[in-house]
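Notes follow the structure.
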Amino acid sequence: MKKLVLVDGNSIAYRAFFALPLLNNDKGVYTNAVYGFTTMLLKVLEEENPTHMLVAFDAGKTTFRHNTFKEYKGKRQKTPPELAEQLPLMRDLLKAFNISYKELENYEADDIIGTIATHAKQDADTEVKIYSGDKDLLQLVDKNVKVGLTRKGITNVDTYDLAMLDETYGLTPSQIIDMKGLMGDSSDNIPGVPGVGEKTALKLLKEHGTVEGVYENLDAVSGKKLKEKLEDNKEQAFMSKELATIMIEAPIEVTMDEMVRQEYDATKVTELFKDLEFQSLLNRIDGEAEEVEEVEDISVEIGKEFADIITDDQAALVVESLEENYHNASMVGIAIANKNGVYYFDPSVTESDAFQAWAEDETKEKFVFNAKRAVVTLGWTGVRVEGVAFDMQIASYLLDPSASSHDISDIAKRKKGIQVQDDEVVYGKGKKRHVPGTDELAQHLGRKAKAIFELQDELQRELEENEQLELLTELEMPLSVILGRMEQNGVAIDQEALKAIGEDLSSRLATMEEKIHELAGESFNINSPKQLGVILFEKLGLPVQKKTKTGYSTSADVLEKLESEHDIVKEILLYRQLGKLNSTYIEGLLKSVHTKTSKIHTIFNQAITQTGRLSSTEPNLQNIPIRLEEGRRIRRAFVPEEKGSIILAADYSQIELRVLAHISQDKGLIEAFKNNMDIHTKTAMDVFGVTADEVTDLMRRTAKAVNFGIVYGISDYGLSQNLSITRKKAQEFIDKYFESYPGVKDYMESIVDEARENGFVTTMLKRRRYLPDMTSRNFNLRSFAERTAMNTPIQGSAADIIKKAMVDMAHAMEEKQVQSRMLLQVHDELIFEVPKDEIEVMQDLVKKVMEEAVALDVPLTVDVSSGDTWYDAK
DNA sequence: CGCCAGACGGG
DNA sequence: AGCCCGTCTGGCG
């Protein structure tokens, strides 16, 4: 028995679109119709389990029906653009699911379905099921053809067979056409006979069978008025019937073979769902995919003597620990793969002389995945690792920073290496996370090692093709070692100072909470935007400025506009500010103090940002407060580890605008930096057409915002929001800026062209970022890609420069044999701990090395400052 | 318990 | 509806 399912794609999409709220993903792509369509699709696949399947779509605006009646579908609203942009996504989805689909010039989806169904039903061994939201399709019902009509929502379906049709309407399938002929269909602008509705049509058809029957027996029709209407609209009735008839001989050739249902492409489906942010559907798919994933055991030798296996100069090394945070993690196993085989060891192997000798021997090349993690994990147990020659995670990141994930199993899958299971499958997640038995663990780690060993070549070749190998070997890999040392070294913290600030904050917060409740007239949770919204905008009746998708916006910029309206607002703003300090920076930092060292050991993620910047986690030491004095005090708790040392901070001045000057080659901008001008003042002079001493504070602030905007890929709207000015005014500033700096304008235009042609942009050191949305038909996506094309070379080149400076600085410090240590990097600044007797040497050295990291056509300048704590280094 | 949204800290 | 990030809280299922 074969089962063919035919789906009316447009009709289902329409239904879904209007049934669901207008969802969109974080890129601004609307997804509600695709979502509804997908849930329906999954349900159909599950419930019907068809052997054959096809989805039909309407094509174009006109069909053969327009020859009959040019106003056909005339009154229908144009497809909303929010829905239209989702139709291509549905096709992508079907491709990923390996489900065939069809559209045909001049015909509607109905006709495709009618033709195929009529063909297929000739075979008594085939059962046909049609899904649509359109009652018209009921005319196709037959003894082996059923029609499922969506009812409210989209996954509620009423299924009609011959009996059900008779029961519901008392009609045969072909009479459905007659019914439409008489009553018409306003949504398709089929006229029918005016004044005849469903009830009358049904009554007439019961008595006379067909439209033809009705007219042949017009005398027998009761009711004078009705008879007149029928007479007057005879032609229209017959034309309507014709319009409503689904074509069963459309010129299409689709064989059953072409509609055979195939396995879906799990990788593509997963990627698409992730893109669309269909989390719940992802889980449904995942559950199924895991069961299918049967892997055959590879040969992994367990319990060898370590000394016996290293016969070669190259090996992949896996150091496994389950903790996300590798400071204080416990190793669960070690795996090695070389050209002779794959080997698994108990963690205790790291205590052996043979292992340590190999680890420390820099001529023994190690290939790893996330070198820093392996090196620091081993570092905590006292094992030094040298000779890390290749980091697969970073290689993958450099090839494409947007690749959804950089873990071994994903890369192995992408690069068609040996199959590596997801950690989550092997170890479980959340509370159920556990170490499996030795055999299973050895298999898993062995696979990882083998995949690294085997894919090294290919990734390296790809990097060479992109001219990125040097970026890996000369910049990122050495940097990884430096970052590892910084992390493991950690930053000393004055816990007592933090606690003291914390107590002050806590008591002030308690007082403020009371006061806010009093002003509100009731007690509520101030930290809940939802509850706060009700208090401010309903109970106190403050004017609503902005809404979020879940309710009233209570963000700081909204509250700032309401400050004059009610005393409570100022209190809430301060409460929020202090609350953030207390929870994130006092309690949070104290929680991340290492139990053994009493210092703070962050983790710098080197393979996460889309621009090449680092990020910092657990804790994030790249966003310690500085802008407001109240928060800045937190920095007093960041102290030198050694008595008699100080904290030294060195930051690049305006690095992004200098990079912009360099890559755009704008004459004015280059000149300004060469003359060491204050760049915001200079911009103010040019934009406002005044002399240096006429620049007011406000003018400089405005110019500063414009400069930032330029770097980010500005829009008049964004600038107007930022400066609380009109859009028109904002656009004037932007125009004036581009007039003053035509080189920048040219750059912005040419980088966008370049991105569109190449599909990616690059930074000074050949870092890459792909921008597939440059050619998207979706305005939001395309605009975002264009701004990214403008910003990434700037932000990314600045990231390249400071990374280079870090590598150079590590060499310089080694050469000078100083005791000073690099502690942190915060995007455009480096923080050091410096013994007092090295202050002068280091001040000069840091400045020189950072300023000379690369040679631009404008000078790079670095400001250096120092003090007893991070706070004082200002 | 895990996930999301909102809010907010930094460059 | 100008770029790049991470963390905390409340609220939901």
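First residue of the first sequence? That's 1 in this note's numbering, and the numbers climb one at a time after it. Here a beta-carbon is modelled for each residue, glycine too, at the ideal position from N, C-alpha and C.
#1: Whole-angstrom Cβ separation of Ala755 and Ala789, contact assumed at under 8 angstroms?
#2: Considering only DSSP beta bridges, list what Asp863 is partnered with.
#3: The alpha helix (DSSP H) with Lys95 in it runs from where to where?
#4: Under the assumption that Lys2 contacts Thr126 (Cβ atoms under 8 angstroms), give the Cβ distance between them as a whole number of angstroms.
#5: Determine the DSSP secondary structure at Tyr14, reduced to helix, strand or coil.
#6: Are the CB atoms of Leu660 and Ile794 within a distance shorter than 8 angstroms?
#7: How long is the line joining the alpha carbons of Tyr264 and Asp275, rounded to whole angstroms?
#8: Is the stretch 204-216 in contact with the stretch 139-153, if contact means three or more CB pairs nearer than 8 angstroms?
#9: Take Met164 as the anchor and find which of Gly148, Met179 and Asp178 has the nearest alpha-carbon.
#10: May I ask whether a heavy atom of the ligand COA can be found less than 7 angstroms away from the beta carbon of Leu165?
#11: Excluding the 5 residues preceding and the 5 following Ile626 in the sequence, name in chain order all residues of the same chain whose CB lies nearer than 8 angstroms to its CB.
#12: Between which two residues does the beta strand (DSSP E) carrying Gln314 extend?
#13: Applying the 10 Å Cβ sphere with the 16-neighbour rule, what's the burial state of Glu291?
#14: Look at the alpha carbon of Lys599 and the alpha carbon of Ala637, and state the distance between them as a whole number of angstroms.
#15: Across which residues does DSSP place His52 in a beta bridge pair?
#16: Count the other CB atoms, across all protein chains shown, that sit within 10 Å of the CB of Ala56; report buried if there are 16 or more and exposed otherwise.
#17: Given Met813, which residues of its chain have a CB within under 7 angstroms of its CB, disregarding the five upstream and five downstream residues?
#18: Go through its chain and collect everything with a Cβ distance to Val544's Cβ below 8 angstroms, but skip five positions before and after it.
#19: By the DSSP assignment, the alpha helix (DSSP H) with Leu459 in it spans what residues?
#20: Suppose only complete runs of 4+ residues qualify. What are the alpha helix (DSSP H) ranges in the stretch 336-408, listed by chain order?
#21: Give me whichever residues DSSP pairs with Ile600 in a beta bridge.
#22: Please work out which residues of its chain come closer than 7 angstroms, Cβ to Cβ, to Gly588, disregarding the five sequence neighbours upstream and downstream, and give them in chain order.
#23: Which whole-angstrom value is the C-beta distance of Ala250 and Leu104, which I expect to be below 8 angstroms?
#24: Is Thr626 helix, strand or coil when you go by DSSP?
#25: Assuming the contact rule is C-beta atoms closer than 8 angstroms, Ile310 and Phe369 should be a hit. Round their C-beta distance to whole Å, please.
#26: So the beta strand (DSSP E) Ser616 belongs to, where does it begin and stop?
#27: Applying the criterion that 16 or more other CB atoms from any shown protein chain within 10 Å of the CB defines a buried residue, is Gln460 buried or exposed?
#28: Inspect the CB distances between the stretch 664-673 and the stretch 523-533 and report whether three or more fall short of 8 angstroms.
#29: What are the partner residues of Gly551, as DSSP defines its beta bridges?
#30: Mark Pro81 as exposed unless 16 or more other C-beta atoms lie within 10 angstroms of its C-beta, in which case mark it buried.
#31: Which residue comes first and which comes last in the beta strand (DSSP E) that contains Ile831?
#32: List in chain order: all unbroken beta strand (DSSP E) runs of 3+ residues lying wholly within the stretch 132-169.
#33: In terms of alpha-carbon separation, which member of Gly502, Val481, Arg508 and Lys339 lies closest to Glu454?
#34: For Val862, collect the residues of the same chain with a Cβ closer than 8 angstroms to its Cβ; drop the 5 residues on either side in sequence, then sort them by chain order.
#35: Which residue marks the beginning of the alpha helix (DSSP H) containing Glu560, and which one marks its end?
#36: Going by other Cβ atoms of all chains shown within 10 Å of its Cβ, with 16 needed for buried, is Glu323 buried or exposed?
Put simply:
#1: 4 angstroms
#2: Asp651
#3: Leu87 to Ala96
#4: 5 angstroms
#5: helix
#6: yes
#7: 17 angstroms
#8: no
#9: Gly148
#10: As for the ligand COA, it is missing from this structure, which has no ligand bound.
#11: Arg632 and Arg635
#12: Gln314 to Ser321
#13: With a pLDDT of 42 at Glu291, under the threshold of 50, the modelled position of that residue is not reliable, and the figure given next carries that caveat. By the neighbour-count rule (16 or more Cβ atoms within 10 Å), Glu291 is not buried but exposed.
#14: 11 angstroms
#15: Leu4 and Val260
#16: buried
#17: Ser820
#18: Phe537 and Tyr552
#19: Thr438 to Glu465
#20: 353-360, 371-380 and 392-399
#21: Val491 and Val593
#22: Pro619
#23: 6 angstroms
#24: According to the sequence displayed, residue 626 carries Ile and not Thr. Of the three classes helix, strand and coil, the one that applies to Ile626 here is coil, per DSSP.
#25: Rounded, the Cβ-Cβ distance is 19 angstroms, inconsistent with contact.
#26: Ser615 to Thr617
#27: buried
#28: no
#29: Thr548
#30: exposed
#31: Glu829 to Pro835
#32: 145-150 and 157-160
#33: Lys339
#34: Ala650, Asp651, Tyr652, Ser653, Val846, Lys847, Met850 and Glu851
#35: Ala556 to Leu562
#36: exposed
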